[in-house]
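K.L.:
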Amino acid sequence: MPGQRMFVLPLALTCGLASLAILDPVRQNPKVLSAFLGTAAILCIWNAVLFFWSRARGRTLVLHVALRKQHYVQAITQIAVVLYWGWYWPEVYAAAPFILAQLVFAYAFDMLLCWSRRDTYTFGFGPFPVILSINLLLWFRPDWFYLQLAMVAVGFGAKEFIRWNKDGRRTHIFNPSSFPLAVFALGLLATGTSDITWGTEIALTQFFPPQMYLMLFLVSLPGQFFFRVTSMTMSAVVSTYLFGFVYYQMTGIYFFYDSYIPLAVFLGMHLLFNDPSTSPATELGRIMYGALYGLSTIVLYQLLGSAGMPTFYDK
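Given below as structure tokens:
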């Protein structure tokens with residue numbers, strides 16, 4: 482789908498982001514309203530600059546539609562988790578306008594960034610699992626919502642700029658949800674500002690729904706089947722569980738306070754770190770990667786706890 486009319490798409494998405502300002506949770510908070518309208522203004526300017534620059538150079542922009550199974554399967558799985566979690570913690574449903582805003586922003590930002598660097602943009606469900614993964618683990622409070630959008634921008638920026646050759650094609654190195662989560666987690670820990678997020682509440686309230694471990698396991702099965710990441714998830718779970726079991730037998734208490742594997746860590750093992758695009762190519766590599774992920778949560782939990790820092794960042 483080539484042509485200069487392609488600029489209508491990011492512009493329409495930008496207008497969609499701005500239109501969300503009419504919603505009460507946005508309109509009634511001046512800081513949130515500024516984040517929405519300010520971001521929309523930046524995207525509008527970017528769209529205009531790119532339009533005139535491309536026309537001056539005679540570029541023809543192309544939209545290539547590719548509905549990849551890994552994206553829509555992950556998205557369906559994560560939506561199911563969000564809906565189930567929100568049924569028992571209403572703040573999840575209340576955050577729906579903010580999650581929608583991130584999704585709209587992600588599409589517009591990714592589209593403009595891609596067309597700023599090359600002529601073809603691949604349109605699909607890719608932003609869905611990125612945004613949903615981020616929102617299953619970390620939200621900034623409304624007064625700081627602009628940082629949530631900045632986190633999304635960092636994820637898609639890293640996806641575009643930090644790349645390598647894998648299996649004969651150019652692709653991104655880092656998981657575009659895990660990378661910004663790690664970057665912003667380090668920033669929050671370094672500045673001691675975790676209280677501007679809902680991080681603690683997210684980790685605690687994911688225990689509210691009954692049988693949440695079983696739910697996460699069941700909804701992750703299609704992804705495990707289709708994308709050959711079972712060995713990663715299994716090695717992560719087994720390595721963490723065995724450590725927790727041995728620790729409990731030796732001390733009589735849980736290492737992770739209340740369980741062998743915290744629910745948020747279990748969620749990360751099933752829905753976050755096993756992105757097929759950034760996973761190791763060999764089976765041995767996947768097993769090692771999973772085991773290292775599991776053991777790294779143990780090390781980080783201990784280090785963060787010893788330093789008096791929030792331990793929900795371990796995942």
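Reading the sequence shown from the start, the letters are residues 482 to 796 in the working numbering. Don't be surprised by glycine CBs; every beta carbon is placed ideally from N, CA and C. Please read all numbers here as calculations on a predicted model, not as lab measurements.
1) Looking at the strands, I want to know which residues DSSP matches up with F621.
2) Which same chain residues, not among the five before or five after A684, have their C-beta less than 8 Å away from its C-beta?
3) Any contact of the segment 548-559 with the segment 595-612, i.e. 3+ C-beta pairs under 8 Å?
4) With three or more C-beta pairs closer than 8 Å as the rule, is the segment 698-710 touching the segment 747-764?
5) Does V780 pass the burial test, meaning 16 or more other C-beta atoms within 10 Å, or should it be called exposed?
6) Leaving aside the five residues before and after W527 along the sequence, list all residues of the same chain whose C-beta is less than 7 Å from its C-beta, in chain order.
7) Roughly how many whole angstroms lie between the Cα atoms of Y627 and W568?
8) Specify the secondary structure class of F665 as computed by DSSP and reduced to three states.
9) Using 8 Å as the cut-off, can you tell me whether the segment 667-675 makes contact with the segment 693-703, which would need three or more C-beta pairs spanning the two stretches below that distance?
10) What are the start and end residues of the beta strand (DSSP E) that includes K647?
11) F747 and L697 look like a contact to me (Cβ under 8 Å); what is the Cβ gap, rounded to whole Å?
12) When you compare each of L490, L524, F736 to L776 by their alpha carbons, which one comes out closest?
13) For the beta strand (DSSP E) holding L504, just list the boundary residues, first then last.
14) Specify, as a first and last residue, the run of the alpha helix (DSSP H) that Y782 falls within.
15) Decide if D591 is buried, meaning its Cβ has at least 16 other Cβ atoms within 10 Å, or exposed.
16) State the Cα-Cα distance for the pair G786 and T681, rounded to the nearest angstrom.
17) Give me the residue from E764, H545, S659, L501 with the minimum Cα distance to K640.
18) Under DSSP, the alpha helix (DSSP H) around L613 begins and ends at which residues?
19) Going by C-alpha to C-alpha distance, which of T759, G636, V530 sits closest to W645?
20) Return the chain-ordered list of same chain residues with a C-beta closer than 6 Å to the C-beta of M482, the five sequence neighbours on each side being excluded.
21) Kindly indicate which three-state DSSP category F604 falls into: helix, strand or coil?
22) Exposed or buried, which one is T778 when buried takes at least 16 other CB atoms within 10 Å?
23) Our contact map puts I740 next to A772 with C-beta atoms below 8 Å; I'd like the distance itself, whole angstroms only.
24) Excluding sequence positions up to five away, which residues of its chain have a Cβ less than 8 Å from the Cβ of A666?
25) Please list, in chain order, all residues of the same chain as I768 whose beta carbon is under 7 Å from its beta carbon, the five residues on each side excluded.
26) Check whether the segment 514-527 and the segment 569-576 are in contact - that is, three or more C-beta pairs closer than 8 Å.
27) Pull up the distance between the alpha-carbon of M487 and that of Y722, whole angstroms please.
28) What three-state label does DSSP hand L548 in the structure shown?
29) State the CB to CB distance for the pair M632 and I643, rounded to an integer number of angstroms; the pair is presumed to be in contact (CB under 8 Å).
30) Could you tell me which whole alpha helix (DSSP H) segments of length 4 or greater appear in the segment 687-754?
31) Determine the burial state of L699: buried for a count of at least 16 other Cβ atoms within 10 Å of its Cβ, exposed for fewer.
32) Could you give the DSSP three-state label for R536: helix, strand or coil?
33) Helix, strand or coil, according to DSSP, for R599 in the structure here?
P.N.:
Answer, in terms of the structure:
1) Here residue 621 corresponds to residue number 140 of the sequence shown, with the count starting at 1. F621 pairs with T678.
2) Position 203 of the sequence shown holds residue 684. Closer than 8 Å at the Cβ level, and outside the excluded window around A684, lie P743, L744, A745, F793.
3) yes
4) yes
5) Numbered from 1 along the sequence shown, position 299 holds the residue referred to as residue 780. V780 comes out exposed.
6) One-based indexing of the sequence shown puts residue 527 at position 46. The answer, listed in chain order, is L593.
7) The residue you call residue 627 lines up with position 146 of the sequence shown. The residue you call residue 568 lines up with position 87 of the sequence shown. If you take the alpha carbons of Y627 and W568, they lie about 27 Å apart.
8) Numbered from 1 along the sequence shown, position 184 holds the residue referred to as residue 665. Three-state result, F665: helix.
9) no
10) Translated into the one-based positions of the sequence shown, residue 647 becomes position 166. 644-647 is the span of the beta strand (DSSP E), which, as asked, contains K647.
11) Taking the first residue of the sequence shown as position 1, residue 747 is located at position 266. Taking the first residue of the sequence shown as position 1, residue 697 is located at position 216. Yes, F747 and L697 are in contact; Cβ-Cβ is about 6 Å, under 8 Å.
12) Residue 776 sits at position 295 when you count from the first residue of the sequence shown. Measuring from the Cα of L776, the nearest candidate turns out to be F736.
13) Here residue 504 is taken as the residue at index 23 of the sequence shown, counted from 1. That residue, L504, is in no beta strand (DSSP E); it is neither H nor E in DSSP.
14) Indexing the sequence shown from 1 puts residue 782 at position 301. That run of the alpha helix (DSSP H) goes 764-787.
15) In the sequence shown, residue 591 corresponds to position 110, counting from 1. The residue is buried, with at least 16 neighbouring Cβ atoms inside 10 Å.
16) Taking the sequence shown and counting its residues from 1, one reaches residue 786 at position 305. Taking the sequence shown and counting its residues from 1, one reaches residue 681 at position 200. Rounded to the nearest angstrom, the two C-alpha atoms are 14 Å apart.
17) As a working note, residue 640 is residue 159 in the sequence shown. Closest by alpha carbon: S659.
18) Here residue 613 corresponds to residue number 132 of the sequence shown, with the count starting at 1. That run of the alpha helix (DSSP H) goes 608-616.
19) To locate residue 645, count along the sequence shown from 1; it is residue 164. Comparing Cα positions, the closest option is T759.
20) As a first step, residue 482 must be located in the sequence shown, where it is residue number 1. Bear in mind that the predicted position of M482 carries a pLDDT of just 49, short of 50, making it unreliable; the figure below should be weighed with that in mind. Around M482: L544.
21) Translated into positions along the sequence shown, residue 604 becomes position 123. Of the three classes helix, strand and coil, the one that applies to F604 here is strand, per DSSP.
22) In the sequence shown, residue 778 corresponds to position 297, counting from 1. It counts as buried.
23) By 1-based counting over the sequence shown, the position of residue 740 is 259. By 1-based counting over the sequence shown, the position of residue 772 is 291. A quick correction: the sequence has Ser, not Ile, at residue 740. Not really, about 19 Å apart at Cβ, beyond 8 Å.
24) Numbered from its first residue, the sequence shown carries residue 666 at position 185. These residues qualify, in order along the chain: L619, Y794.
25) Here residue 768 refers to the residue found at position 287 of the sequence shown. Once the five neighbours on either side are set aside, the close Cβ partners of I768 are S712, S716.
26) no
27) Position 6 of the sequence shown, counted from the start, is the residue given in the question as residue 487. Position 241 of the sequence shown, counted from the start, is the residue given in the question as residue 722. M487 and Y722: Cα-Cα distance of roughly 50 Å.
28) Translated into the one-based positions of the sequence shown, residue 548 becomes position 67. Correct three-state label for L548: coil.
29) Along the sequence shown, one-based indexing puts residue 632 at 151. Along the sequence shown, one-based indexing puts residue 643 at 162. Actually they do not touch by this definition, with Cβ atoms about 16 Å apart.
30) 693-708, 711-732, 744-752
31) In the sequence shown, residue 699 corresponds to position 218, counting from 1. Label assigned to L699: exposed.
32) By one-based count along the sequence shown, residue 536 stands at place 55. Helix.
33) Position 118 of the sequence shown holds residue 599. It is coil, neither helix nor strand.
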